[in-house]
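K.L.:
After the C-alpha cells below, expect a handful of questions from me.
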Amino acid sequence: QGQTCYESGEKKKIVQEYYERLYYQKKVQEEEIQQYLQKANLPRIPKDVEMMLEANITMMELTEALKRQNKGKAPGPDGLPVEFYIKFEEILSIPLLEVMN
Numbered sequence: 001q002g003q004t005c006y007e008s009g010e011k012k013k014i015v016q017e018y019y020e021r022l023y024y025q026k027k028v029q030e031e032e033i034q035q036y037l038q039k040a041n042l043p044r045i046p047k048d049v050e051m052m053l054e055a056n057i058t059m060m061e062l063t064e065a066l067k068r069q070n071k072g073k074a075p076g077p078d079g080l081p082v083e084f085y086i087k088f089e090e091i092l093s094i095p096l097l098e099v100m101n
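Each residue of the sequence shown is one higher than the last, beginning at 1 in full-length UniProt numbering.
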C-alpha cells in the first residue's frame, strides 16, 4: 500500500490479493446460525404461509406473472426481454417452470 508498482507480476498479485480480501467470507457453522436465530426471538411465519411459500410454482402462476410484466423494458440478467418469453411461452413454459421449482 502506498508504493508504486511497475512489474506486471507484482500488479497481478496485488489485484488478486485485493479481490481475495474483498470477497472473503468467514465460514459460519450451521449450529452458530441456529443459536443466533433462537436468541433473536424473531416472529415465526405461520405454518400455512410457510407451506404456501415453499410450494412449487404452478403453470398458471407462471403464465400470469409473464402477462403482468412490463413490456418494452430492459432485459433481465439473462439478456432476454419479457417479450421473448411471451412469444415463445409454449416452448419455454415447461423448462422455465422446472428451473423455477
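Here a beta-carbon is modelled for each residue, glycine too, at the ideal position from N, C-alpha and C.
For Pro95, report the span of its alpha helix (DSSP H) as first-last.
P.N.:
89-100
K.L.:
Closest to Pro95 by C-alpha separation, out of Asn41, Leu62, Val28, would be which residue?
P.N.:
Among Asn41, Leu62, Val28, the Cα nearest to that of Pro95 belongs to Leu62.
K.L.:
What three-state label does DSSP hand Thr63 in the structure shown?
P.N.:
Here Thr63 sits in helix by DSSP.
K.L.:
Would you call the region 45-63 and the region 83-100 touching, i.e. three or more CB-CB distances under 8 angstroms?
P.N.:
yes
K.L.:
Please report the residue range of the alpha helix (DSSP H) in which Tyr6 lies.
P.N.:
Unbroken run through Tyr6: none, as it is neither H nor E.
K.L.:
Kindly list the residues whose CB is nearer than 7 angstroms to the CB of Arg44, restricted to its own chain and excluding five residues on each side of it in sequence; keep chain order.
P.N.:
none
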